[in-house]
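Student: Numbering-wise, the sequence shown is residues 437 to 662 according to my numbering.
Where a beta carbon is used, it is the ideal one built from N, C-alpha and C, also for glycine.
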Amino acid sequence: MFNFFAKPTVNSWGEDVYKLTPAGIITIVVLIVALLALACYLRGRKEKSKSITTKQVVFSGIAIALAMVTSYIKFLNLPMGGSITLCSMLFIVLIGYWYGPKVGIITAIAYGLLQFVIDPKFYSIPQLIVDYPLAFGALGISGFFYKKKHGLAIGYMAAILGRFVFAFLSGLLFFASYAPENMNAAVYSLIYNGTYIFTEAALTLVIILIPITSSAFSQVKKMAVQ
């Protein structure tokens, strides 16, 4: 059954990994579509309006597309995964900021699976789950603050902390062997993952807190939900 989903291969480091089969890719794509449909359904049911759901599809689709594009604009690309991008996490955080935690988390999980499909290699199922649906899904935590004053900035910081927790756990549980000699695995994961996640977060927060951009984000939210 597992061979239907993925088959063993070797990555560019000469390590034994698994790669999705065509059937596995189709399975993940179907799951992504199902998650996005669920997010739209939940929002539409809450608002009892099909027009709101249609608008959510448009705005969420644009946000996901911008997240994908900016994820390839990298200022730093670390050898074992992780990079400082052009605010790519912000665009997924925005979906939670617009539509709340349920839609935000479900859409963020779908985005994580989309990132996985782009390079469908993994070491184990637990590692896949932690690095993609859980780590990226944490960006939807921003939705818990969507009604708060300064909700975007607060939600973004909470989402980044959630993303970091899962990235840290992944480094500790699955990549501890890559820690330099005489360095504790937890310290290694903390430094490695903190380097790219918090650097991008700091740069993005500066942009969010600029008065003119803060006002622009508020106006976009009004368009997204009205």
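Whole angstroms are fine: how far does the CA of residue 545 sit from the CA of residue 520?
Tutor: Cα-Cα distance, rounded: 20 Å.
Student: Terminal residues of the continuous alpha helix (DSSP H) containing residue 539?
Tutor: Run containing residue 539: 537-554, per the alpha helix (DSSP H) assignment.
Student: Which two residues bound the contiguous alpha helix (DSSP H) that contains residue 562?
Tutor: Segment 561-565, the alpha helix (DSSP H) holding residue 562.
Student: So is residue 617 buried or exposed if we call it buried at 16+ other beta carbons inside 10 Å?
Tutor: Residue 617 should be labelled exposed.
Student: May I have the straight-line CA-CA distance separating residue 586 from residue 478, to the nearest angstrom?
Tutor: Near 25 Å, if we compare the C-alpha coordinates of residue 478 and residue 586.
Student: Would the beta-carbon of residue 633 fall within 8 Å of that of residue 600?
Tutor: Going by C-beta atoms, residue 633 is nearer than 8 Å to residue 600.
Student: Which ranges would you report for the beta strand (DSSP E) in the segment 443-480 if only whole runs of at least 3 residues count?
Tutor: Fully enclosed beta strand (DSSP E) runs of 3 or longer: 452-456.
Student: In this structure, how does DSSP classify residue 646 when only helix, strand and coil are distinguished?
Tutor: Of the three classes helix, strand and coil, the one that applies to residue 646 here is coil, per DSSP.
Student: Does the Cβ-Cβ distance between residue 533 and residue 588 come in under 8 Å?
Tutor: Yes. Within cutoff.
Student: Around the C-beta of residue 620, are 16 or more other C-beta atoms found within 10 angstroms, so that it is buried, or is it exposed?
Tutor: Flag for residue 620 reads exposed.
Student: If we call anything under 8 Å between Cβ atoms a contact, is residue 524 one with residue 496?
Tutor: Taking 8 Å as the Cβ cut-off, residue 524 and residue 496 do not qualify as a contacting pair.
Student: On a Cα-Cα basis, can you pick out the residue from 658, 577, 571 and 503 that is closest to residue 629?
Tutor: Residue 629 has its Cα closest to that of 571, out of 658, 577, 571 and 503.
Student: Is it the case that the Cβ atoms of residue 499 and residue 528 are separated by a distance below 8 Å?
Tutor: Contact flag set, yes.
Student: Contact defined as beta carbons within less than 8 Å: I believe residue 563 pairs with residue 606. What is the distance between those atoms, to the nearest angstrom?
Tutor: Confirmed, about 7 Å.
Student: Once you ignore the five residues that flank residue 568 on each side, which residues in its own chain have a CB closer than 7 Å to its CB?
Tutor: Taken in chain order, the residues that qualify are 548, 549, 551 and 552.
Student: Alpha carbon to alpha carbon, how far is residue 565 from residue 476?
Tutor: Their backbone Cα atoms lie some 23 Å apart in a straight line.
Student: Using CA atoms only, rank isn't needed, just tell me which of 647, 558 and 493 is closest to residue 610.
Tutor: For the residues 647, 558 and 493, the minimum Cα distance to residue 610 belongs to 558.
Student: Measure the beta-carbon distance from residue 522 to residue 509 and round it to whole angstroms, keeping in mind my assumption that it falls under 8 Å.
Tutor: Confirmed, about 4 Å.
Student: If residue 579 and residue 541 are in contact, beta carbons under 8 Å, what's the gap, nearest whole angstrom?
Tutor: So it is a contact: roughly 7 Å between Cβ atoms.
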